[in-house]
Every structure is written in C-alpha cells, then in structure tokens.
Amino acid sequence: MELGALKYIAVGLGVGLTVIGASLGLGKIGSSALEGMARQPEASKDLRVSMLLIGALVEGAAIIGLIFCLMTLIL
Amino acid sequence: MNIGEMIAHHVLDHDWGISLGGFRLPITNHSVTMVVVSILLVAGMYFVARTGANGKRSLLTTLAEEYVTFIRDGIVLPNIGETGRKMLPYFCTLFLFILSMNLVGMIPEAKTATSNVSVTAALALYTGFLIFHNGIKAHGLIGFLKGFVPEGTPVWLAPFIFVLEAISTIIKVGVLAVRLFANMFAGHLVLFCLLLIVFIIGKLYLVGGIGAVLPVMGMEVFVSCLELLVAFLQAYVFTLLTSIFVGSVVQGH
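In order, the protein sequence lines correspond to chains D and H. In terms of our numbering, the first sequence opens at residue 24 and continues consecutively. In terms of our numbering, the second sequence opens at residue 2 and continues consecutively.
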C-alpha cells in the first residue's frame with residue numbers, strides 16, 4: 024500500500040462517487056421537468072429554461088468536485 | 002513524450018518568456034487571446050452601433066435589439082427591478098464577453114481565456130463589488146448588514162445567522178468563479194486527453210493506435226457539441242446568478 028497507489032485509489036473513488044451524485048441529481052431534475060411538461064404542455068418553454076439553469080448549477084457542483092480530484096492526482 | 006508536459010503546453014497557461022529589464026511581462030497565451038478578442042468585440046460593437054446610427058434598419062440593428070431585449074427582460078428587470086436599468090450595459094457586456102471567450106476556445110489553435118482561474122476570479126470579484134456597492138447604496142451600511150439577518154429571529158441566534166450569511170455570500174461569489182473555470186477547463190482537458198489516448202495506445206501497439214482513431218474521433222465530435230452547449234449555458238448562468246445576487250441585496254428582505 025504505497026502512497027502512489029493509494030492516491031490513484033482515492034481519485035478513482037472520488038470521481039466515481041461524484042458522478043453518481045451528479046447523475047442522481049440531474050435525473051431527478053429531468054424527470055420532474057418532464058412530468059410538469061406532460062401535465063401542462065403550454066408551460067413547456069418556461070420549464071425547459073428552468074431545467075437547463077438548475078442542471079447547470081448541479082453540474083457545476085459536480086465539476087468542482089472533479090477538479091479537486093484531478094488536483095490531488097496532479098499535485 | 003512526457004504527458005504532463007504536453008498537457009501543460011496545450012491546456013494550461015504559460016507565458017511567452019518576454020522580459021523587460023528583469024521583469025517577465027505577463028504576456029501569456031490566455032491574455033493575448035483575451036486582448037485580441039476584446040479588441041475585435043469593441044470594433045464589432047462600434048460597427049453595429051454605427052450601422053443603425055441614422056435610424057437605418059438592418060439585420061444587425063435588429064439582432065442587437067433582440068439581444069439587449071433578451072438581457073433586459075429575461076435577466077435584469079425580473080431579478081433587480083427598476084434600479085437595474087443603470088446596470089443593463091454591464092450585464093450585456095458580461096454575457097457577450099463570457100460567451101465570446103468560451104466560443105473562441107473552440108477554434109483549433111486558439112486558447113480559452115475563461116479557462117484561466119484568474120479571469121473568472123476577476124469577473125466574480127466584480128460581482129462581489131456590485132453586491133456590496135448596490136447593497137450599501139440601497140440600504141446604507143447598517144441596513145445592508147441588518148439585511149443578512151431575517152426579521153423576527155431571536156436575539157441570541159442573530160450573531161450565528163449573520164456569520165453564516167456573510168460566509169455564504171463570500172462562498173457564493175467564489176463558487177461563481179470556480180464553476181465557470183471548472184466547466185471550461187474540464188471540457189478542454191477531456192478533449193485533449195481523448196487525443197492522447199490514441200498516441201498512448203499507438204506507442205504500445207501500432208495497429209491498435211490506428212484502429213483507435215475512429216472511435217476517439219466520434220467521441221471528440223460528441224464532446225465538442227456538448228462543449229458548445231456548455232459555453233452558452235455557462236455564460237447565461239454566470240450572468241443570471243450575478244443578477245440574482247444583486248437583486249436579492251437591492252430588494253432587501
């Protein structure tokens with residue numbers, strides 16, 4: 024269990040968990056937006072804009088986590 | 002073939018090594034791209050403004066009006082209210098600046114200025130300054146500080162909530178910078194590392210390297226399309242969040 028090997032295991036775990044969290048969040052956003060569009064097709068435009076905006080915010084959090092994982096790998 | 006060096010050369014920022022009397026000038030890839038694109042933007046906007054100068058209607062004036070109306074009715078007025086009209090030029094400039102910096106990075110040998118944390122930190126620092134300035138202008142210093150703590154909290158709880166809200170504001174501004182930087186940087190890093198996969202496999206097995214070109218190029222096209230979407234989305238999110246932060250301070254609790 025050398026230090027170099029532990030670093031790779033840590034980065035792999037970090038990236039995997041981050042992607043799981045991001046996918047769960049984005050899936051929930053997409054499903055609720057689609058459900059709202061199915062109930063009220065005339066609100067479809069507003070729902071699409073909100074969905075993209077909140078998707079960008081959640082994905083920002085996930086990418087911040089990924090960048091931290093990459094920093095542990097490189098530095 | 003040193004992979005770290007190649008990544009550092011193509012994706013990260015490095016200066017051109019021009020010294021002026023013992024002082025290395027900050028002429029780097031990103032700053033040169035930023036200056037060139039800014040000059041092109043200013044010249045382009047001057048040209049657009051001059052085209053519609055004498056009431057002449059043309060496609061360019063209609064496009065510019067559509068754009069300003071989009072920013073005004075979608076981003077500034079709903080979130081900030083009437084006091085936002087004075088800040089409308091700044092928001093139009095901010096959106097166009099971030100969008101053009103993001104899109105120029107998709108051209109093959111051009112660098113993305115917003116994939117440098119200094120550029121995004123400077124933009125976010127100006128957002129912080131706007132929050133501070135508008136909060137003090139709208140409510141005065143005492144009112145601005147009182148605005149952090151909502152009405153009707155018990156007196157013993159107020160200091161904790163004040164500290165929490167102050168730290169939260171600073172972190173929101175910081176995350177604004179890191180979100181834009183991380184999205185742009187990660188996109189270009191993934192694009193470059195996909196190309197590196199071909200060379201790494203090719204060093205081991207030459208035939209494998211040749212065969213890996215087609216799937217990798219397919220992935221590259223897909224990731225490039227995704228990055229075009231992310232460029233527009235991140236510019237919109239940065240401008241929208243700036244207007245939401247300023248609006249929440251101007252309107253008070």
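Positions of the beta carbon are idealized from the N, C-alpha and C atoms, including for glycine.
**Q.** Bridge-paired residues (DSSP) for Arg25(H)
**A.** Ser20(H)
Q. Between Ala187(H) and Asn103(H), which are expected to be in contact by the criterion C-beta below 8 Å, what is the C-beta distance as a whole number of angstroms?
A. Between Asn103(H) and Ala187(H) the Cβ distance is about 13 Å, and since that is not below 8 Å, they are no contact.
Q. Taking C-beta to C-beta, are Leu126(H) and Leu177(H) nearer than 7 Å?
A. no
Q: Spell out whether any CB of chain H is found under 7 Å from the CB atom of Ala79(D).
A: yes
Q: For Gly82(H), I'd like the list of residues in its chain whose CB is within less than 8 Å of its CB, leaving aside the five on either flank, ordered along the chain.
A: Gly248, Val251 and Gln252
**Q.** Residues near Thr52(H) in its chain [Cβ-Cβ closer than 8 Å; skip 5 each side]
**A.** Ser59, Leu61 and Thr62
(Q) Under 7 Å, Cβ to Cβ, is there at least one residue of chain D near Val179(H)? (A) yes
Q) Does any CB atom of chain H fall closer than 7 Å to the CB of Ile86(D)? A) yes
Q) Given 8 Å as the limit, is there contact between the stretch 48 to 59 of chain D and the stretch 69 to 88 of chain D, that is, 3 or more CB pairs closer than that? A) yes
Q. How many whole angstroms separate the CB atoms of Ser225(H) and Leu192(H), which I take to be in contact at a CB cut-off of 8 Å?
A. 7 Å
Q: May I ask you to list, following chain order, the residues of the stretch 46 to 76 of chain D that have a beta carbon less than 7 Å from some beta carbon of chain H?
A: Leu75 and Leu76
Q) Under the rule that 16 or more other beta-carbon atoms within 10 Å means buried, what is Gln235(H), buried or exposed? A) buried
Q) Straight-line CA distance for Gly27(D) to Val36(H)? A) 41 Å
(Q) Tell me the DSSP secondary structure of Ser39(H) in three-state form. (A) helix
(Q) Check whether the stretch 199 to 207 of chain H and the stretch 120 to 138 of chain H touch, using three or more Cβ-Cβ pairs below 8 Å as the test. (A) no
Q. For the putative contact between Val214(H) and Val238(H), defined by C-beta atoms under 8 Å, what is the C-beta separation to the nearest angstrom?
A. At roughly 35 Å, the Cβ-Cβ gap does not stay under 8 Å, so Val214(H) and Val238(H) are not in contact.
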